[in-house]
Amino acid sequence: MEFRDVPDLLLLQSVRVVAHYCLPKDCGELPHVPRQLDAFLDSFSTDWTVLTAYKRFKSLRCVQYVAARAVPEIQDPFFKRWLLNRTVEIAAIRGDLATIRWLMESYLPTEQVANVMEVAAANGRLETLQWLYDHHRGRVCFGDVEMCGALENKHQQVVDWLREHAVPKAERRNDVLRSAAKAGNLGVVQWLCDGFGMDASDVVKFAIGCCQWDTARWIIERFEISGLALDSYFPARHGKLSFMKYLVSRDMGVFYPGTLKVSAAHGHLDIVKWLHAEQGVSLTIDAMREAAQNGHLEVVQWLFDANGGVCDSSVFVGAAEYGRLGVIQWLQTRWSGSCGTSAMDWAAHGGHLDVVKWLHLNRTDGCSEKAMDKAAVNGFHDVVKWLHEHRSEGCTKLAMDGAAGAGHLEVVKWLHAHRDEGCSTIAMNHAACNGFFEVVKWLHVHRSEGCTTLAMDLSARNGHLAIVQWLHQNRSEGCTSAAMDKAARHGHLNVVKWLHSHRTEGCTTNAMDKAAASGHLNVVRWLHYNRSEGCSSVAMTHAIAHQHFDVVLFLHLHRKEDFPLSVNTTMRLPLELQQWLLTKYADELSGCHFDVPKVDWRPHDSIRPPPIVPLPQQCYTLTCFCMPDGELPHVMLRLNDFLDDFSADCTIVDAYRRTSSLGFMQYVAAREDPQEMNPFYRRWLFNAATEMAASRGDLASLRWLMESYLPSEFLTKAVAAAATNGHLPLLKWLFETHHDRGYWGNTELCGALTNNHGEVVQWLRTHAVPRTECRTEVMDAAAGAGYLDIVKWLHDEYKVSVRSALSNAMSNRQWETSQWILENGELLMPWINWDQPAKDGALAFLKFLHAQSIGSPGYFTLQSAAWTGQLDVVKWLYEELGVTLNPDAMRKAAQNGHLDVVEWFHQHGCEGCDDATLSIAADHGHLELVQWLYEHGIQASGTAAMNCAARSGHLDVVKWLHIHHTDQCFGVLDDAATSGRLDIVKYLHEHLNANCTTSAMDGAAREGHLEMVQWLHEHRSVGCTTSAMDWAARNGHLEVVKWLHTNRTEGCTTWAMDWAALGGHLDVVKWLHSNRTEGCINKAMDNAAKNGQLAVVKWLHGNRTEGCTVGAIDEAAANGHLNVVRWLQQNRREGSTAIAMTRALMRAHFDVVLFLHAHRPEDFSFLGTTFMRHSCVELTQWLLHNYAAKVDGCEFEVPTSDWRFNEWCAKMNLQQAREYDASTWWACESASLRLDQA
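So, in structure tokens, the structure goes:
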């Protein structure tokens, strides 16, 4: 039959060409060929998903082909939804409506589709939007933020269509308004403000930041804005003097030295003059340097003359670096200072031969070897030749090394022919790294330095397979396991395969770990099927964190490694991946948080349950859905009885903390008896609950607490909590509805500043100016958060001291703020530690300090810069200030793997290249640095380097050291075993004959590494001690405990059950009770009570006879575990001592204090003068009313900013002992108290 009669199979285009044009017309003679092609395609597409296919080919037919042959493992419903959403997004970006239609109507025809509206709108795909609106409006999200992208990308047709068909929901209009302001779309801004009553005052800064001057003017005039501090950086940058004057006329212009600097940098002389003459902005060297670098001679001239001829070398050097010969020539006639060799060095670096020649003829400073080095590195052949012919300084090996690394072969050849400095192995290493094949081959033929293993390692990292193959065939240095590790990390599968087939070094677990973290599924899959190293838990952890769902799914199906997620980890993941994780790994996610964007999918009112008496959700579900209507009334009564009993020990704070449910809180409150409840305690509960509700932005709960629970009580914490968490609508509600019931003008600004809630900060600044006693604390917070406008406001208008603010600004790396404080704060002899700015790379700030003679470099300043790799700071400290290079600084750079810094230290004669540096680099896993040190003659002496690398788990370093050194390592197998690094333990055992002690198995058991324990049991003879099972039990590793019990004879001690109880590991406690005879002592129940493990306490009480001591209630009370204290009081006879009440008071556990007061007879006392550091107003009031004589002589610490608490203390006739900026201390003299005033 004719080939055209064969059914039209979905095939890749290349295969279709073969089938149509390369086979004989009478296809019947070769029927096996189409079958072979189809079989090939089936195999080829098994590793693909619809997302992979569309990314590579943008072909609907390829997507359909892959979907038709999808393997079962990618049929996970969450993963399919993820594939749908990601593929639809890409198709929407391209406007590929055919693919979108097939995905939504054939691939997954009922699924909700996220983000497609936003992506289509942002890319101007109006046809796609119309189709989605007409055919699938219920499956996508209209009225969200889709207009934002259309506005910012200037798709006006889309904007107009969305205005008509998808009006933004109320909660999204602020986002749209901000985007309209940024885009300068005045029509949309007016529509939102006039049509929906929106206030655009907060977005004017965005309009200005995006140079939308007309929009900004309209907003300012429409809302009659004045007095709002707006940074004038952008108007100054773009030369908009008229707009800057307009801002000043509205009392809105804010001008910093940076404003003058940016206007100078862009040549706006009129603005520079106006800022200085009209606004009083100081002229700075920084401004002159910026103008000089950008060639604005007229600005330089004016600044020079206006500032009395003040200039420094940085201006001259900056002009030279950027080739501004005219500026240099003008400065030469007026400035007589010296700039050293820097001017010509930097001119050569920039390739400005005319400047180099002029400096040579007209200046005597000359240059250094750096001039030719830098010119060579940057490929400026003409500059290199000229320097060679006219200057005598020459160059160093860095010239050819750098030229080779940058691919400048002609420069390399010239240096080889005309200079005798030569090069080092760095030349070929870096040329190979950067893919300059011709340079590598030329160096091989004409130079003798050769290369190191870094050449192949780095070329593999960057995917230069041809160079890797050539080095393999023509050089003998080879590579290390880092070659395959790095190639895998960067997704170069072809390089990985070639190294696997042609080299023996292999790889480490880093290969799969890093490939997974980078989302290279093809590499992860290939390594799994073809290599034995496997991966570590890092693979899954990082794949999840980087949202590589396809990699996560593969690891889940094919790997067995556990993966850790730290408690309180916050992850922002696609919805589908979140759902999958919760389904598969709920236990591992315990304590983690998901950051979920708000997307309104329009829930139908009809499915909302009718309001009923508030009940916990499980009981509500049972009564509503699991029982027939009205047929089982006795069950409802039993449920209600259960809840009454359940809620007897539960307060509104417990209820809200556990469930965040207003309904449950109301249920608990309905069963309180206000007449029996202590009024101080009830106020304490009220303030704790309102604080939590305000923190979460839960206006409904806050409203109920304030208007129904205690409708007249004062709020002590809610305002600050709302501000700290950025809940502006809630703050506005409190201000407008209950202004007189909250702390306003206290320190609420601090939390908003610290957490960068800018809108809240500006609102509070307008509505709640801090009181006098609070302003120092607010100033400190503003400085620490870098809110310079707030710092200026407090300093200029209220004369608040910046003494402590400077320290706060510097510790939080707010260098602009720090500089302003130093320039304007009138501080007397400020002491400045240079270490932090050096560590942070704040070179401009350091130069400012030096220019103003504020402080000087300390011994650790150079180390701090080197530690974080701030090479420019290191160079400046050495070259400009003459700081002595020291080995400690070099070692700090090595510790963090900053090879460029180490190389620089070495080139400048620092003596830090020694075995100590090698050991530090090995300890931190920096193999490239270890190799570099080795290349430069540093040999490890003794076993320190190997020990450090093995102890820290760096197998690649261990292997390399083993190959290149004869030293063995001793005593490190214990540490590697404790860390669970079985790969390292095996290597140490097989290749280095490393010894170990019982600490190896003890440590592995303690950390729960069962596989390690089993391997040590089979391959080592030293065994373990009873510590193995004791510690495994303490840390809850039940499987390890069971295995040790079955396979080892050492057993455990009573500590096993005691410690398991301490950690709340009830399953371990039960197993030890059933299978071991050691038992426990009374410390078990004491420990469990101390840590609040009530379930363990109850089980020990019911199943063991050891009991507890008075320490159980004492420690439970001290740690605030009221449920444990209550249960022990009701079920045990040991009781407590005075310690219980004393510590509960000292730690402000008001609920525990109240219970002990009502149920325990023990007296309590404070020895001498006791300082109550955690006091709250309600507990202090209660204590003075009930135990005035007991607290005679005690002192209570109250925040100085808490004016209401301090006023109450004075009213009660407490004696003010002392007052500091942060806190005030009040002494109690019981005889003079006025308790009737409380």
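Using the numbering used here, read the sequence shown as starting at 203 and increasing by one per residue.
By construction, the Cβ of each residue, glycine as well, lies at the ideal position given by its N, Cα and C atoms.
C-alpha distance - residue i paired with residue j, whole-angstrom precision
i: Thr-926; j: Val-1326; result: 33 Å
i: Val-360; j: Ser-434; result: 32 Å
i: Trp-995; j: Glu-1028; result: 16 Å
i: Asp-622; j: Asn-1197; result: 51 Å
i: Pro-811; j: Ala-857; result: Any reading at Pro-811 needs caution, since the residue's pLDDT is 32, under 50, leaving its predicted position unreliable; the model's value is listed next. Taking the straight line from one Cα to the other gives about 21 Å.
i: His-1361; j: Trp-1329; result: 12 Å
i: Gly-455; j: Cys-413; result: 15 Å
i: Ile-292; j: Glu-329; result: 15 Å
i: Val-268; j: Arg-339; result: 28 Å
i: Thr-417; j: Val-405; result: 10 Å
i: Arg-1436; j: Gly-1337; result: 35 Å
i: Leu-695; j: Val-1159; result: 23 Å
i: Arg-1236; j: Trp-1261; result: 5 Å
i: Leu-817; j: Thr-861; result: Low confidence applies here, because Leu-817 scores a pLDDT of 40, under 50, leaving its location unreliable and the question unanswered by this model.
i: Trp-284; j: Cys-635; result: 37 Å
i: Thr-1199; j: Ile-1140; result: 31 Å
i: Thr-1426; j: Ser-1013; result: 25 Å
i: Ala-1429; j: Phe-1398; result: 6 Å
i: Asp-346; j: Arg-380; result: 14 Å
i: Tyr-1000; j: Phe-457; result: 19 Å
i: His-440; j: Ser-465; result: 8 Å
i: Tyr-989; j: Ala-1040; result: 22 Å
Bridge-paired residues (DSSP) for residue i
i: Asp-172; result: This structure gives no information on residue 172, because the portion of the chain shown stretches from 203 to 1440.
i: Ala-1429; result: Glu-1397 and Gln-1417
Range covered by the alpha helix (DSSP H) that runs through residue i
i: His-1221; result: 1212–1221
i: Cys-1150; result: 1146–1153
i: Gln-1016; result: Unbroken run through Gln-1016: none, as it is neither H nor E.
i: Gln-414; result: Segment: none, Gln-414 is in no alpha helix (DSSP H) and carries neither H nor E.
i: Met-686; result: 683–691
i: Glu-1317; result: 1313–1320
i: Asp-377; result: 375–385
i: Asn-287; result: 279–296
i: Gly-986; result: 977–987
i: Phe-937; result: 930–939
CB contact flag (residue i, residue j, <8 Å)
i: Asn-676; j: Leu-656; result: no
i: Cys-350; j: Val-378; result: yes
i: Gly-1253; j: Met-1287; result: no
i: Ile-410; j: Ala-438; result: no
i: Ala-545; j: Val-519; result: yes
i: Val-1271; j: Val-1243; result: no
i: Ala-578; j: Cys-597; result: yes
i: Leu-1466; j: Trp-250; result: Residue 1466 is absent from the structure shown; the chain starts at 203 and stops at 1440.
i: Ser-1229; j: Asp-1269; result: no
i: Ala-294; j: Ala-322; result: yes
i: Met-1343; j: Glu-1317; result: no
i: Leu-1445; j: Leu-1131; result: The requested residue 1445 does not occur in the structure, where the chain is confined to residues 203 to 1440.
i: Arg-288; j: Leu-262; result: no
i: Thr-1019; j: Ser-1003; result: no
Integer Cβ distance of residue i from residue j, believed to fall under 8 Å
i: Asn-1284; j: Leu-1264; result: Actually they are not in contact, since the Cβ atoms of Asn-1284 and Leu-1264 sit about 13 Å apart, beyond 8 Å.
i: Glu-651; j: Ser-626; result: 6 Å
i: Ala-668; j: Lys-688; result: Ala-668 to Lys-688, Cβ: 17 Å. No contact.
i: Trp-1245; j: Leu-1212; result: 6 Å
i: Thr-711; j: Ser-738; result: 5 Å
i: Leu-904; j: Leu-887; result: Contact flag wrong, Cβ pair sits at about 14 Å.
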